[in-house]
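Okay, so here's the structure we're looking at.
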Amino acid sequence: MQLSLNQIELVAANRDDLDELEQLEIRSFVTDRISRRSFKRFIDQNIGDFRVAKFEGRVVGYFIVLYRQATELARLYSLAVDPEFRRCGIGRLLLDTAEAAADEKHCLFMRLEVKIDNFAALKMYHHAGYYDMEIRPEYYEDDSDALVLQKLLPRFEFNELDNENQRLVPYRTQTTEFTCGPASLLMAMAYFDIPCNDPHHEELEIWREATTIFMTSGHGGCGPHGLARAAFKRGLTVQLHVSEKGPLLLDSVRSADKKQIMARIQESDIAALEAAKVPIIVGDYPLAKLLRDLGEGKLVVALISTYVFDESKAPHWVLICAADEHYVYINDPDQDSLPWQSAAERQYLPIPLATFRRAFGFGKRKQKAAVVLSRPKQ
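Everything in the sequence shown is counted per UniProt numbering, starting at 1 for the first residue and increasing by one.
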């Protein structure tokens, strides 16, 4: 079938489409067909997003997207194209429209199930950016297995009115388990054109300069004062926001000797920052201030707890690059943080504002730290 996608009309399904939907379902699927009664229920009860694709008034495809209340997950319940009209781009048009509908409802993910031997559908979904999550054995009526796929939906878009920040912050993966802070700082340095001849060496140099935290096992991580000091040393304009005065994160160790060592190191960093007249602002770093700083072209290295993502309760530094009314966008240097993330998908990763509020800060006292960075002063 030769046609232009401009000839396809996408509209909300209604009762007049039921006969054609029923026949389309019979032509499209051998098992697990949606019944006429179910189609009618979706339409009458306005459940999810249910749209049909029409060519010259004829229903040639449809999709149904369902939403779970109080979650950020959308489910592509069903998508079908009349066999006579396949390979014309209608399937991808339906998928793009379904994703846009879910994105408008501020869903982070679209999830779906496909028969494991439906190679044509799998090819389309993989090409559209879906990744394989799991196999569900004997999922369908004929006992065939289903492959569960998922895709991260939101993507950062430049503000057309903002002419000063028209390039993405370069992405860098941390090369060790304990250098998330240095990797975040290196990304900011690259964005602000601070030269670095050997990033692998510089990552460890920053870590060596900024490490103040003992871990229960293995190497320690970087403290906020040390990171701010390292950033200032490399020529960046720095402003440090901390929730408490003096050394932070001492609660992360039990040993009195270790607490004393951490305190001494951080006191040295604080003294160096004060001598250099780097502002240390004690108190909350509210979301409104973060949005203003980002709007002024600054970047923010922020301390978060990974508990809201993987329940590991680990301190973690990320680079906040941008924000809008729904998300903050981070460059996450952790190469193992989330299973669906390629390097490209860890760049400008959208985090819902409410999720970020829960994640920002670490420990029982929710100690917060943000290293606000901008271009070197001329």
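Even glycine gets a Cβ: it sits at the ideal position worked out from N, Cα and C.
My assumption, with CB atoms under 8 Å, is that residue i sits in contact with residue j. Please give the rounded CB distance.
i	j	result
V371	P224	6 Å
E203	L227	Not really, about 12 Å apart at Cβ, beyond 8 Å.
G48	V65	5 Å
A53	L21	Not confirmed; about 11 Å, so no contact.
L76	M110	6 Å
T237	K377	5 Å
K40	L18	6 Å
According to the Cβ coordinates, are residue i and residue j closer than 8 Å?
i	j	result
A210	G235	no
S184	P333	yes
E72	L112	no
R33	I26	yes
residue 414	G61	Here the chain comprises residues numbered 1 to 378, so residue 414 is not present and cannot be evaluated.
Y191	L349	no
Y131	K115	no
V148	E138	no
G283	S255	no
M248	Q266	Per the sequence shown, the amino acid found at residue 248 is Leu instead of Met. Contact flag set, yes.
A323	L294	yes
F42	F29	no
V301	A120	no
F55	L3	yes
T31	D142	yes
P315	G221	yes
A276	F232	yes
I need the straight-line Cα distance from residue i to residue j, nearest angstrom please.
i	j	result
F156	D257	46 Å
W207	A230	9 Å
A98	R264	56 Å
D198	L290	31 Å
S252	R365	11 Å
V169	Q347	8 Å
K245	V278	15 Å
W340	G129	Because W340 sits at a pLDDT of 41, beneath the cut-off of 50, its placement in the model cannot be relied upon, and the following sentence gives the value as read from the coordinates. Near 10 Å, if we compare the C-alpha coordinates of G129 and W340.
L319	D117	41 Å
Q260	A359	27 Å
H200	R172	10 Å
A102	I194	39 Å
S78	S38	12 Å
I90	A80	9 Å
E296	S374	9 Å
D96	A13	17 Å
R357	Y285	11 Å
A369	P352	19 Å
L122	R87	14 Å
L250	C196	32 Å
N6	H127	22 Å
D16	Y67	24 Å
A74	I281	41 Å
G361	T355	12 Å
N331	F178	16 Å
E164	R292	For E164, the pLDDT reaches just 49, beneath the cut-off of 50, and the residue's location in the model is therefore unreliable, although a value from the coordinates is still provided. Straight-line Cα distance between these residues: approximately 15 Å.
R167	L24	46 Å
residue 421	W317	An answer regarding residue 421 cannot be provided, because it is not within the stretch 1 to 378 covered by the chain.
A100	L152	12 Å
F85	G363	57 Å
E205	C321	23 Å
Q150	R136	14 Å
Can you check whether the C-beta of residue i is within less than 8 Å of a C-beta belonging to chain D?
i	result
E209	In the structure shown, chain D does not exist; there is a single protein chain.
Is there at least one non-hydrogen atom of the ligand ZN closer than 7 Å to the beta-carbon of residue i?
i	result
P199	With respect to the ligand ZN, the structure offers nothing, as it holds no ligand at all.
Whole runs of the beta strand (DSSP E) within the UniProt domain "N-acetyltransferase" (8-154), excluding any shorter than 3 residues
For the UniProt domain "N-acetyltransferase" (8-154), whole beta strand (DSSP E) runs of length 3 or above, ordered along the chain, are 8-12, 49-55, 58-67, 73-81, 109-115, 131-136, 146-152.
Check: Counting Cβ pairs closer than 8 Å, one from the stretch 311-327 and one from the stretch 266-283, do we hit at least three?
Finding: Touching, no.
task = Within the stretch 253-311, note down every full alpha helix (DSSP H) run reaching 4 residues or more, in order along the chain.
result = Fully enclosed alpha helix (DSSP H) runs of 4 or longer: 256-275, 287-295, 307-310.
- Message: Please give me, in chain order, every unbroken run of the alpha helix (DSSP H) with length at least 4 that falls completely inside the stretch 312-336.
- Response: Within the stretch 312-336, complete alpha helix (DSSP H) segments of at least 4 residues are not found at all.
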